[in-house]
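*Asks:*
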Amino acid sequence: MSGFVRLMRLLLVLSAAQPILPAHSQTFPNQPLKIIVPYSAGGATDLVIRAFADTVRESLGQPIIVENRPGGGTITGMNACAKAPADGYTLCVTNSDSLSFAPLLFSRLPYDPAKDLIGITKVASAPSGLFINGTLPLNSFAEVIAYAKANPGKLNFGSFGAGSVGHLYAEWFRRELQADMTHVPYRGSAQVATALISNEVQIAWLALSNALEFVAAGAIKPIAIDYGTRAPQLSNIPTLAELNANPKSIQSYFGLYAPAATPTPVIERLNSAFTSALRDKKVQEKMATAYFTTNPTTVDEINRFRRDEAEIARRMASTIGLKPVDAPE
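Per the numbering used here, residue 861 is the first one in the sequence shown, and the count goes up by one each step.
Below, the structure written as structure tokens:
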């Protein structure tokens, strides 16, 4: 057998062993991408996405359209993302806690976060905290909890939707600290901040990016920080961990997701474009002005984090006896 024939046979064997990528994957992207935000406009998630959208657009060569789809405590927007065509053109960004705890808080969710969505990358994290209305004659976490115990149901606890981090804290404080507060869900963090300033609610969980200007104006007061360390901007305010009042042992973050059946080459292309943007110094500087730290990861890393978080969430729900209720409309 001639050397040429042997070479041709070897090449045929090798080519047969290579995966044949769908034509769609080879040409992706060839149209604009849409990122669904399951909160109303003006919140922390909007700040995160708009900080890197232009850089990603330059990398992918296609516009990035941001679509706010609030409602149902992120369920409306995340369901739209999960049920979208799995072609890489519809993505979504949400707080990781919403995916971890929604299945435990609500029965009959219209989508399964574990089965219907795949993580592309972590995006960013930022200090958040518990804030109270500035006119309340209370000045610390201990004073707020003591007041809530002595006056069941008199404090309204605002959150950016059922199933959100704020909802989780309200339940945990009620069950574990016997601090009975009335949970009041809103459609986004901007609405929560407005409600807190107007005293429609007296306590709320907010990202620092939504809260600091109102703290400076005296309209609201910080009582605890939800982060691994104290926030430099509020260095005199203790963390929930310092107060032995942290219901979670994990740090929440914003992540980028796609429908689970999206082809792997497309997911990897998106991961490359978005993580490259998140490592860009100009993007990091933009994020820092809103008190966010970028957290780019591999696809495997974010999905491993998701599995770990789901297990922690299950244990926590069991500890406080959390029972699911009907999902909000």
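Note that the Cβ used here is the ideal one computed from N, Cα and C, for glycine as well.
Note that this is a predicted model, so its numbers are computed, not measured.
Please look up how many angstroms separate the CB atoms of Pro1098 and Ala1084, rounded, as I've assumed it's under 8 Å.
*Replies:* Their Cβ separation, rounded to whole angstroms, is 6 Å, which keeps Pro1098 and Ala1084 in contact under 8 Å.
*Asks:* Below 8 Å, can you find three or more Cβ-Cβ pairs linking the stretch 1011-1031 to the stretch 931-948?
*Replies:* Yes, the stretch 1011-1031 is in contact with the stretch 931-948.
*Asks:* Round the Cβ separation of Ala1118 and Leu1130 to the nearest angstrom and send it over; I've been treating them as touching at under 8 Å.
*Replies:* Yes, Ala1118 and Leu1130 are in contact; Cβ-Cβ is about 7 Å, under 8 Å.
*Asks:* Looking only at its chain, what residues have a beta carbon closer than 7 Å to the beta carbon of Leu870, apart from the 5 residues adjacent to it on each side?
*Replies:* Any reading at Leu870 needs caution, since the residue's pLDDT is 41, under 50, leaving its predicted position unreliable; the model's value is listed next. Around Leu870: no qualifying Cβ.
*Asks:* Touch check for the stretch 989-998 and the stretch 1052-1065: three-plus C-beta pairs under 8 Å?
*Replies:* The stretch 989-998, when compared against the stretch 1052-1065, does touch it at the 8 Å Cβ threshold.
*Asks:* Using a Cβ-Cβ cut-off of 8 Å (strictly less than) and excluding sequence neighbours within five positions of Ser967, which residues of its own chain qualify?
*Replies:* Around Ser967: Pro1184, Val1185, Asp1186 and Ala1187.
*Asks:* Going by C-alpha distance, which of Ala1170, Thr1179 and Arg1174 is nearest Lys975?
*Replies:* Taking only the C-alpha atoms, the option nearest Lys975 is Ala1170.
*Asks:* Which of helix, strand or coil does DSSP assign to Val1061?
*Replies:* Val1061 falls in the coil class under three-state DSSP.
*Asks:* For the structure I just gave you, are there three or more beta carbon pairs, one from the stretch 1145-1156 and one from the stretch 958-973, closer than 8 Å?
*Replies:* Result no; under three Cβ-Cβ pairs closer than 8 Å.
*Asks:* Tell me the start and end of each unbroken beta strand (DSSP E) in the stretch 1066-1107 that is at least 3 residues and wholly inside, in chain order.
*Replies:* With a minimum length of 3 residues, the continuous beta strand (DSSP E) runs that stay inside the stretch 1066-1107 are 1080-1086.
*Asks:* On the DSSP letters alone, give me the boundaries of the alpha helix (DSSP H) that Leu1019 sits inside.
*Replies:* In the sequence on display, residue 1019 carries Ser and not Leu. It is not in any alpha helix (DSSP H) - Ser1019 instead sits in the beta strand (DSSP E) that spans Asn1016 to Ser1019.
*Asks:* My output table needs one value for Ala1137: the three-state DSSP class, helix, strand or coil.
*Replies:* Helix.
*Asks:* By the three-class DSSP mapping on this structure, what secondary structure does Gly979 have?
*Replies:* Gly979: strand per DSSP, three-state reduction.
*Asks:* For Ile925, count neighbouring Cβ atoms within 10 angstroms of its own Cβ and tell me buried if that reaches 16, exposed if not.
*Replies:* When all chains shown are included, Ile925 counts as exposed.
*Asks:* Provide the residue(s) that pair with Thr1042 in DSSP beta bridges, ordered along the chain.
*Replies:* For Thr1042, which the question treats as bridged, DSSP gives the partners Asn1016.
*Asks:* Give every residue of the same chain whose Cβ lies closer than 7 Å to the Cβ of Ala901, excluding the five residues on either side of it in the sequence, and list them in chain order.
*Replies:* So the qualifying residues of the chain are Asn928.
*Asks:* Buried or exposed: which applies to Gln1051, given that a residue is buried once 16 or more other Cβ atoms fall within 10 Å of its Cβ?
*Replies:* It counts as buried.
*Asks:* Looking only at its chain, what residues have a beta carbon closer than 7 Å to the beta carbon of Leu998, apart from the 5 residues adjacent to it on each side?
*Replies:* Excluding sequence neighbours, Leu998 sits near Ile992, Val1004 and Tyr1007.
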